[in-house]
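Going down the list, the sequences are from chains A and B.
Each residue of the first sequence is one higher than the last, beginning at 16 in our numbering.
Each residue of the second sequence is one higher than the last, beginning at 16 in our numbering.
For glycine and all other residues, C-beta sits at the position ideal for the given N, C-alpha and C.
Every value quoted in this text rests on a predicted model; they were computed, and no experiment measured them.
2 protein chains.
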Amino acid sequence: MKIGVIGAGVVGQTVGEAFAAKGHEVVLGTRAVTEEELAKPRSMAVPLKDWATRTSIPVATFREAARHGEILVNATAGGIALDALALAGKDAIGSKVIIDIANPIDFTPGAIDPSRGLMASVPALTNSTSVGEEIQRAYPEARVVKALNTANIAVGVAPKSLGGDIDTFIAGDDATAKALVTDLLKAFGWSTVIDLGDITGARGTEQFIVLWFRLMVTLGTPTFGIKVVK
Amino acid sequence: MKIGVIGAGVVGQTVGEAFAAKGHEVVLGTRAVTEEELAKPRSMAVPLKDWATRTSIPVATFREAARHGEILVNATAGGIALDALALAGKDAIGSKVIIDIANPIDFTPGAIDPSRGLMASVPALTNSTSVGEEIQRAYPEARVVKALNTANIAVGVAPKSLGGDIDTFIAGDDATAKALVTDLLKAFGWSTVIDLGDITGARGTEQFIVLWFRLMVTLGTPTFGIKVVK
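Structure, rendered in structure tokens:
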């Protein structure tokens, strides 16, 4: 399928390349396609021009990526998701499925301390709401499916790389959209995709990131996941 | 050891009985030892007088339970934990170990919807803080260890009752206190107790409750846990 990825950091790059490897036609969207934007260093990821050369995946603006995609992926930081989607444009988003991977991590100085594995959420995007819910509210025609936000994205696109079976979670209001996303996740190797119901299920998976981040520091690796055991 | 449990709801009753079954001398603390308090119905738990008759465990005030305990257990709802501990009294708490099981669930009408597995945290006890941190701040001499707050308490005191191995988490500033709590948890059957470092590690485990609550509705049972897989 045609997939437009909104966000060109480590999440967008990794998921974009993984979808392309499964035969999908991916366009990666970034804020501006300029020399400066393509060359700038990216946290935990390579400069975009190097990534584009290596993968041969087209890099375009948020708007062009959104127009290209039959399915969209929100791979931005949660705090700027609504800004990025506004640049993509309501007309380009329409009623498309949006796979929302974002977590509402507060990146303001002092709110996050990687050395201790300590992070806080953006208050306006947590507690009684979530990034997923706010996107759904802003784009009521779109079919938002929260997914892939409870593990490192490298694990997200290759869950079988771990030493045991783990679970992943989806949430969204549209059953057809969730079935489609479940198929895409199974193609990455997920055997158990737990459907948490409507989009308010995003709250729990987004707030899990706080435990995830501390576990990353405790375990000394971002390469892990969780299995629900009854 | 002598254990004083602060809180007489389902968490206090269950953990109190479980510690007694392991040979500890437990006193269960409640707000007031009156006919009315002992007879009142309790959510997911029996009236205190029935529990006391069945278990033969003494029921006393928060203050008396705190005085009795060499180790204290905070088994209150997170939103009232500081009030309950104030009733127990700073002199009775002293430098004792406090095993803090509380989660900052907002029980105000509208904030919680059990039918959808939807809950919000008390804003003042989440994001950049946690119940565990606030207790440690209020009682700097005490040695707070966050524990047993990521699973149903029936699972917490009998993790081997599930169909597979699961993990539990502790966090706290005092290594000796954490070693003691780890031993108590192992006596309940926990094989893996993951130490999340200082008390700020409480944030992640407390915020996990939001995912836990949705999972409970999704899975149709409160009897489950999670295993971290590398």
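Classify Pro174(A) as helix, strand or coil using the three-state DSSP reduction.
helix
DSSP puts Gly240(A) in a beta bridge; with which residues?
Paired residue(s): Val244(B).
Tell me the residue span of the alpha helix (DSSP H) that contains Asp182(B).
First-last for Asp182(B): Asp182 to Gly187, but that is the beta strand (DSSP E), not the alpha helix (DSSP H).
Close beta carbons around Ala246(A), own chain, < 7 angstroms, minus the five adjacent residues each side
No statement about residue 246(A) is possible, as the shown extent of chain A runs from 16 to 245 and does not include it.
So, with DSSP's three-state summary, where would you put Val208(B)?
Strand.
CB contact below 8 angstroms: Gln151(B) versus chain A:
no
Between Pro56(B) and Ala162(B), what straight-line distance do the alpha-carbon atoms span, to the nearest angstrom?
27 angstroms
Under a CB-based cut-off of 8 angstroms, is Leu234(B) close to chain A?
yes
Taking 8 angstroms as the CB-CB cut-off, is Gly104(B) touching chain A?
No, Gly104(B) lies away from the interface with chain A (no Cβ there is under 8 angstroms from its Cβ).
What does DSSP give as the partner residue(s) for Ala75(A) in the beta ladder?
Gly44(A), per the DSSP bridge assignment.
Test: Phe223(A) CB closer than 8 angstroms to a CB of chain B:
yes
For the region 111-120 of chain B against the region 74-94 of chain B, are there 3 or more C-beta pairs whose distance is under 8 angstroms?
Result yes; three or more Cβ-Cβ pairs closer than 8 angstroms.
For a test of the three-state rule: what should DSSP assign to Ala103(A), helix, strand or coil?
helix
Which residues of the region 122-138 of chain A have a Cβ closer than 8 angstroms to any Cβ of chain B? Give them in chain order.
Ala126, Arg131, Gly132, Leu133, Ala135, Ser136 and Pro138
Does DSSP classify Ala190(A) as helix, strand or coil?
Secondary structure of Ala190(A) (DSSP, three-state): helix.
Grab me the residues of Ala99(B)'s own chain with a C-beta within less than 7 angstroms of its C-beta, minus the 5 sequence neighbours each way, in chain order.
Ile21, Gly22, Phe77 and Thr91
Compare the Cα-Cα distances from Glu156(B) to each of Leu177(B), Gly125(B) and Asp189(B) and report the closest residue.
Asp189(B)
Taking the alpha carbon of Gln151(B) as the reference point, which residue from Val137(B), Val112(B) and Gly178(B) has its own alpha carbon closest?
Val112(B)
For Lys193(A), which residues from the same chain have a beta carbon less than 7 angstroms from its beta carbon, with the 5 sequence-adjacent residues on both sides left out?
Val160, Ile185, Gly187 and Asp210
Going along the region 141-165 of chain A in order, which residues come within less than 7 angstroms of chain B, judged by CB to CB distance?
Thr141, Asn142 and Ser143
Taking the alpha helix (DSSP H) that Arg218(B) falls in, what are its first and last residues?
Ala217 to Leu234
Using a Cβ-Cβ cut-off of 8 angstroms, state whether Thr215(A) counts as contacting chain B.
yes
Under 7 angstroms between beta-carbons, which chain A residues line up against Thr70(B)? List them in chain order, please.
Those do not exist, as Thr70(B) stays about 28 angstroms from chain A at its closest Cβ, beyond 7 angstroms.
Same chain, Cβ closer than 6 angstroms to Ala126(B), neighbours up to 5 away in sequence not counted:
Ala135
Closest Cβ-Cβ distance between Val244(A) and chain B: below 8 angstroms?
yes
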